[in-house]
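In what follows, a single structure is set out as structure tokens and then discussed.
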Amino acid sequence: MLNEILVTSSSMPSKEEFFEEISELWDTHWLTNMGIKHKLLQEKLENYLEVPHVILYTNGHLALENAIAALNLPKGGEVITTPFTFASTTHAIVRNGLVPVFCDINDENYTMDVNKIEALITDQTVAIIPVHVYGSICDVEEIDRIARKYGLKVIYDAAHAFAVKYKGASVACFGDASMFSFHATKVFNTIEGGAVCFKNDSWVQLLNDQKNFGIHGPEEVAYVGGNAKMNEFQAAMGLCNIRHLDEEINKRKLIVEYYIKRLSGIDGIKLPSKQKDVESNYAYFPVVFDGYKYTRNEVFTRLAEKGIAARKYFYPLTNGFECYRNYPTAGTEKTPIAQHIALRVLTLPLYADLRLDDVDRICNIILE
Ligand code: T4K
């Protein structure tokens with residue numbers, strides 16, 4: 000039986016490196032609530048991402064929910080977003096009492112089609128929450144222009160975009176804030192984890208308090224906060240993984256280049272294209288089967304039969320979820336390009352230690 004290949008495999012430091020990193024926790028017994036590892040990781044990430052402020056969270060979803068809450072938008076306000084994303088993005092909007100208005104995507108890099116945003120803006124629109132997808136980024140300049148013109152807030156779901164650069168600048172610099180996910184499946188992981196990055200100094204206290212029950216001081220609770228703190232073991236994993244990140248991204252790049260070499264020039268197979276001025280992190284490798292001799296679902300099944308678990312990220316679209324059935328703004332027919340791609344896309348296995356002979360195996364099954 001050949002080895003099973005999953006869509007990804009978490010990047011991990013050596014056991015020795017991690018044990019060394021966590022060993023002092025046995026001296027301090029300080030395990031959570033913004034300890035030394037938390038502080039160190041925060042500083043490292045502010046440096047790495049070239050942003051003034053990074054607030055760490057126990058996961059990316061709560062980071063996004065908290066960032067949206069910090070905007071203090073009127074309940075029932077409309078937020079223009081994309082349905083071509085993980086459940087988290089839309090849920091974070093709705094759990095803040097806001098209404099998601101779904102904008103279609105472009106069929107080049109599958110981010111929000113910026114030419115369709117303005118037609119969706121109404122008197123109720125309060126914000127735009129776009130998603131950088133797979134390591135490609137949104138048209139940040141055009142989104143910025145629209146947001147300024149209409150006075151809208153922008154929070155990027157940058158769960159897939161850690162370490163990505165645009166025109167040499169960190170992707171964390173765009174919009175009012177960006178959320179990163181540090182889940183085990185991401186390019187950079189803290190087991191579970193996430194962050195919100197931003198420039199506005201006045202948000203620091205608010206976001207820090209909000210993730211710790213709204214506690215502002217020993218005897219003062221200023222906000223109706225929750226608990227979304229990153230713990231010391233998560234932060235320690237981050238401190239280890241950040242040391243190896245650039246090397247891991249380089250390894251991913253080589254794998255992606257090999258996939259492209261093996262699969263390019265084939266009728267009906269659409270590969271991710273390089274974005275101008277963008278340094279990708281090679282987070283995912285999406286392939287769209289459109290008019291190929293096998294459908295996406297057939298390729299998915301053929302791979303699965305041979306022990307290879309590709310994934311249909313993102314299918315179904317979030318505007319087709321059962322829980323949004325009664326929302327007047329929902330319905331996949333309103334975003335035909337997103338629906339077209341969601342029915343045809345497959346993300347192939349990709350992680351730093353994926354072997355090139357395994358890539359060959361995957362490509363041979365697709366092509367045979
Ligand atoms: N926004 C966007 C655009 C996102 O993609 C996500 C998360 C979020 C927001 C929210 O961020 P977080 O709150 O998660 O930080 C996975 C991840 O759980 C999720 O983080 C990710 N997006 C989503 C795209 O993928 P599943 O349900 O597909 O994960 P699962 O458990 O099936 O794992 C996929 C594969 O990863 C496994 O087959 C093997 C590998 N794996 C998995 C785990 C759990 C590992 O190698 N190690 C592991 O520990 O959602």
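Counting in numbering that gives the first Met the number 0, the sequence shown runs from 0 upward without gaps. By construction, the Cβ of each residue, glycine as well, lies at the ideal position given by its N, Cα and C atoms.
Look at residue i and residue j and say whether their C-beta atoms are less than 8 angstroms apart.
| i | j | result |
| --- | --- | --- |
| residue 178 | residue 59 | yes |
| residue 302 | residue 364 | yes |
| residue 285 | residue 344 | yes |
| residue 125 | residue 40 | no |
| residue 68 | residue 204 | no |
| residue 110 | residue 317 | no |
| residue 157 | residue 170 | yes |
| residue 127 | residue 79 | yes |
| residue 193 | residue 61 | yes |
| residue 142 | residue 113 | yes |
| residue 281 | residue 255 | yes |
| residue 232 | residue 220 | no |
| residue 89 | residue 228 | no |
| residue 346 | residue 308 | no |
| residue 362 | residue 251 | no |
| residue 64 | residue 95 | yes |
| residue 312 | residue 342 | no |
| residue 51 | residue 152 | no |
| residue 66 | residue 146 | no |
| residue 289 | residue 273 | no |
Based on the DSSP secondary-structure assignment, which residues constitute the bridge partners of residue i?
| i | result |
| --- | --- |
| residue 101 | 80 |
| residue 285 | 346 |
| residue 169 | 164 |
| residue 111 | 104 |
| residue 278 | 164 |
| residue 142 | According to DSSP, which records beta bridges pairwise, residue 142 is partnered with nothing at all. |
| residue 124 | 77 |
| residue 135 | 133 |
| residue 314 | Bridge partners of residue 314: none, in fact. |
| residue 179 | 194 |
| residue 307 | 4 |
| residue 153 | 127 |
| residue 226 | 211 |
| residue 268 | 288 |
Can you tell me which of the options puts its alpha carbon nearest to the alpha carbon of residue i?
| i | options | result |
| --- | --- | --- |
| residue 135 | 22, 107, 153, 115 | 107 |
| residue 57 | 251, 49, 37, 101 | 37 |
| residue 103 | 330, 361, 355 | 330 |
| residue 98 | 76, 112, 115 | 76 |
| residue 287 | 267, 275, 281 | 267 |
| residue 338 | 26, 28, 323, 81 | 81 |
| residue 33 | 230, 43, 100 | 230 |
| residue 258 | 173, 358, 74 | 358 |
| residue 49 | 226, 168, 315, 195 | 168 |
| residue 185 | 4, 367, 351 | 351 |
| residue 9 | 353, 214, 121 | 353 |
| residue 105 | 130, 122, 87, 90 | 130 |
| residue 22 | 146, 265, 199, 239 | 239 |
| residue 234 | 182, 283, 253 | 182 |
| residue 264 | 366, 47, 86 | 366 |
| residue 160 | 11, 148, 173 | 173 |
| residue 6 | 362, 355, 349, 356 | 349 |
| residue 275 | 162, 252, 299, 166 | 166 |
| residue 248 | 324, 260, 163, 328 | 163 |
| residue 180 | 24, 87, 145, 356 | 87 |
| residue 356 | 319, 328, 299, 253 | 253 |
| residue 277 | 122, 133, 215, 20 | 133 |
| residue 45 | 306, 196, 4, 360 | 196 |
| residue 306 | 360, 320, 328 | 360 |
| residue 207 | 224, 297, 295 | 224 |
Checking contacts by CB at 8 angstroms: is residue i closer than that to chain B?
| i | result |
| --- | --- |
| residue 319 | Here chain B cannot be found, since the structure has a single protein chain. |
query: Are there three or more Cβ pairs, one per stretch, closer than 8 angstroms when the region 8 to 17 is compared with the region 226 to 243?
result: yes
- request: Could you pull out every unbroken alpha helix (DSSP H) segment of at least 4 residues lying fully inside the region 40 to 73, listed in chain order?
  value: 59 to 69
query: Is the number of C-beta pairs between the region 185 to 198 and the region 42 to 55 that are closer than 8 angstroms three or more?
result: yes
field: Whole runs of the beta strand (DSSP E) within the region 182 to 222, excluding any shorter than 3 residues
entry: 193 to 197, 214 to 216
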